[in-house]
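Student:
Residue numbers (our numbering), protein chains in the order written: chain A, 36 to 444; chain B, 7 to 252.
1) Just the Cα atoms here: how many angstroms apart are residue 347(A) and residue 147(B)?
2) I want to verify the contact list: residues of chain A whose CB lies under 8 Å from the CB of residue 200(B), in sequence order.
3) Residue 232(B) versus chain A: which residues are under 7 Å apart at the beta carbon?
4) Can you tell me which residues form a DSSP beta bridge with residue 116(B)?
5) Looking only at its chain, what residues have a beta carbon closer than 6 Å to the beta carbon of residue 81(A), apart from the 5 residues adjacent to it on each side?
6) Spell out whether any CB of chain B is found under 9 Å from the CB atom of residue 400(A).
7) Judging by CA-CA distance, which residue of 126(B), 132(B), 153(B) and 127(B) is the nearest neighbour of residue 138(B)?
8) Put residue 102(A) into one of helix, strand or coil per three-state DSSP.
9) For residue 250(B), collect the residues of the same chain with a Cβ closer than 6 Å to its Cβ; drop the 5 residues on either side in sequence, then sort them by chain order.
10) Report the three-state DSSP secondary structure of residue 411(A) (helix, strand or coil).
11) For residue 35(B), collect the residues of the same chain with a Cβ closer than 8 Å to its Cβ; drop the 5 residues on either side in sequence, then sort them by chain order.
12) Rounded to whole angstroms, what is the Cα-Cα separation between residue 24(B) and residue 300(A)?
13) With a threshold of 9 Å between beta-carbons, can residue 228(B) be considered close to chain A, or not?
14) Name the two residues that bound the continuous alpha helix (DSSP H) containing residue 443(A).
15) Counting Cβ pairs, one atom from each stretch, are 3 or more of them under 8 Å apart for the stretch 31–45 of chain B and the stretch 73–84 of chain B?
16) Considering residue 37(B), what are the terminal residues of the beta strand (DSSP E) in which it resides?
17) Does any C-beta atom of chain E lie closer than 9 Å to the C-beta of residue 73(B)?
18) Should residue 394(A) be flagged as near chain B, meaning a C-beta pair shorter than 9 Å?
19) Nearest to residue 283(A) by CA position, among 125(A), 97(A), 355(A) and 88(A), is which residue?
20) Starting from residue 189(B), follow the beta strand (DSSP E) in both directions and report where the run begins and ends.
21) Give the single residue among 279(A), 180(A), 138(A) and 362(A) whose Cα lies nearest to the Cα of residue 104(A).
22) The beta strand (DSSP E) that contains residue 137(B), what's its start and end?
23) What is the DSSP secondary structure of residue 52(A), counted as helix, strand or coil?
24) Just to confirm the assignment, what range does the beta strand (DSSP E) spanning residue 217(A) have?
25) Which residue comes first and which comes last in the beta strand (DSSP E) that contains residue 95(A)?
26) Ends of the beta strand (DSSP E) at residue 95(B)?
27) Compare the Cα-Cα distances from residue 243(A) to each of 381(A), 270(A) and 255(A) and report the closest residue.
28) With burial defined as no fewer than 16 other Cβ atoms inside 10 Å of the residue's Cβ, what is the status of residue 17(B): buried or exposed?
29) Taking only three categories from DSSP, how would you classify residue 251(B)?
30) Nearest to residue 285(A) by CA position, among 51(A), 101(A), 45(A) and 262(A), is which residue?
31) Taking the alpha carbon of residue 21(B) as the point to measure from, which residue in 50(B), 143(B), 44(B) and 9(B) has its own alpha carbon closest?
32) What are the start and end residues of the alpha helix (DSSP H) that includes residue 244(A)?
33) So with Cβ pairs under 9 Å, would you call residue 237(A) a contact of chain B?
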């Protein structure tokens, strides 16, 4: 079905605006282009989604990486588009879809709070729900309210929902859906799910899962489980996971992506093999030379993400620069730093950096971690060299550092 | 003296905004001074001990907050400890929990009733942002800095003293332009950050209530960094006022 004239115009206007924005050096133009498209055609999202098989991916952590891994898997069967630069609000979705060739599949990450809007407009084939935990304390609704909204989406959608059974908030939301594939992908952070989302009772974690002591709500039986370096199907068949990306969290992302790809007709082993080619995701895991230092960029923007990040760092005493900003996109309140077990950095050379380096420095003092406070992350990377330096940055800190490194060439 | 026990009460229910850091800070500031201290972390399902010297309660979401209040009321341990002379630091939802009644999305809940304050009404809009408080002069504290994030409006009962006057932000939001409360050795505030990270003098006020005169900290670099952080946040407030005229 051809697009309505207004939608074609909207897509053209968006692309032209994005190109102009790029020429003016105002960034990649994704968001402004998408906004212009939505101004021209308010229903651009629904119209542009027509004719594409859409997969939505949402969650507090791992959205961008899981979406890229899913796109790599679906790419074995045909063309796929994704959100440009991880822009996961409606303008970013519009920009991604506007670039799609006819009939291409779309793997789109969606901000947790915008899942309902995206699902209603796009009628996706699959919705992949990764995890929910505290993030951007100052601006996003309480985690539990997000879970309630997700439950509403799950109850109304015809999509297959692929959900992380190990996260009680996700499990509660997804259990309202008609078609669910449960994946035991793990969720080391449990402090946002102590109270049962269903009855308010106490959830106990242990052994292979979790259970509410009040109402008996418990981890659903998974169709796939992440066990070490393998994705194990319910029949016991192991599928090895060999990624270029580090850490348990990325194996969990791959597990969720592989289960999603399978429901769309791509064999699990084919999907996992295709993911090995993904080496960097919007600057994350990117390596760059700075002075005599070899920096590796890692993203950690909340306590749950940090729990996973310790597992990705070079072994001690490998030096670490921690870069913390608190802009709108990071959340204005960095008090979550006190929920991160920074004690684990003791014995390394550590620099506290970023626009909120003082908040971090105070935290490191009380964690007993010797450190230097060096607000500019490039200076900090040089100061901790020569040699390999891991850089753990939150959202805008990583984005800005990646852009500065690119400009340096 | 025996080790000072600092109870961190239900960090799994009242720990959404990093307030567990307050307990950590209190313990470290004792140890740095050569005073034995232990943190007693009380999670949901565990009995709240009544023999600790200091109790720390933080902020949380509606349902976990209601659950925490119900558990504390049922156990009676916190009230018994306060009767014995224990000190309390209650932040945000913690303030509401130690009061008489508070509002949640599911309706009005009973608090523990240690302090004569109620939070039965919501603010017109959620209070989110930097908060600066000029403490009651009798406390001998400098201007305090923190970050507030709450929907409830807290009214202090007659005769209950506020922690201080709001210099910028909302605080209690009950019409008195004040923040928090002080009653005996119990102190409450809407300041997150956590509050003791930015305001080491407030930590030492609480510790002084528990152990008497405090030896020097011996970690001047820590307090220099903390005061630098507070000065930075208070300066950011002034810049914002300059730009937006509020």
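Even for Gly, the Cβ is constructed at its ideal location relative to N, Cα and C.
Tutor: Well, looking at it:
1) For residue 347(A) and residue 147(B), the distance between alpha carbons rounds to 43 Å.
2) Result: 370 and 373.
3) Chain order gives the chain A residues near residue 232(B) as 397, where near means a beta carbon separation below 7 Å.
4) Looking at the DSSP assignment, residue 116(B) forms a beta bridge with 107(B).
5) Excluding its 5 nearest sequence neighbours in each direction, residue 81(A) has C-beta neighbours in its own chain below 6 Å: 156, listed in chain order.
6) By this cut-off, residue 400(A) is an interface position.
7) Selected option, being the one with the closest Cα: 153(B).
8) Looking at residue 102(A) - three-state DSSP - the assignment turns out to be helix.
9) The predicted position of residue 250(B) is uncertain, since its pLDDT is 40 and thus under 50; no value can be drawn from it.
10) Here residue 411(A) carries a coil assignment [DSSP, helix/strand/coil].
11) Cβ neighbours of residue 35(B) beyond the five flanking positions: 206, 209, 210, 213 and 223.
12) Residue 24(B) and residue 300(A): Cα-Cα distance of roughly 44 Å.
13) True, the Cβ-Cβ gap to chain A drops below 9 Å.
14) Here the alpha helix (DSSP H) through residue 443(A) covers 430–443.
15) Result no; under three Cβ-Cβ pairs closer than 8 Å.
16) Here residue 37(B) belongs to no beta strand (DSSP E); instead the alpha helix (DSSP H) covers 26–38.
17) Absent here is chain E; the protein component of the structure consists of chains A and B.
18) Interface criterion met: the Cβ of residue 394(A) is under 9 Å from a Cβ in chain B.
19) Minimum Cα distance to residue 283(A) is reached at 97(A).
20) Residue 189(B): member of the beta strand (DSSP E) spanning 187–189, first to last residue.
21) Ranking 279(A), 180(A), 138(A) and 362(A) by Cα distance to residue 104(A) puts 279(A) first.
22) Here the beta strand (DSSP E) through residue 137(B) covers 123–141.
23) Assignment of residue 52(A) by DSSP, reduced to helix, strand and coil, places it in the helix class.
24) Per DSSP, the unbroken beta strand (DSSP E) holding residue 217(A) starts and ends at 214–219.
25) Bounds of any beta strand (DSSP E) do not take in residue 95(A), whose DSSP letter is neither H nor E.
26) From DSSP, the beta strand (DSSP E) with residue 95(B) extends over 93–97.
27) Selected option, being the one with the closest Cα: 255(A).
28) Its Cβ being crowded by 16 or more others within 10 Å, residue 17(B) is buried.
29) Residue placement at residue 251(B) is flagged as unreliable, the pLDDT there being 34, under the threshold of 50; the coordinate-derived value follows with that caveat. The DSSP-derived three-state label of residue 251(B) is coil.
30) Considering only alpha carbons, the answer is 101(A).
31) Relative to the Cα of residue 21(B), the nearest Cα in the group 50(B), 143(B), 44(B) and 9(B) belongs to 50(B).
32) It is not in any alpha helix (DSSP H) - residue 244(A) instead sits in the beta strand (DSSP E) that spans 244–247.
33) Chain B contact via Cβ: present.
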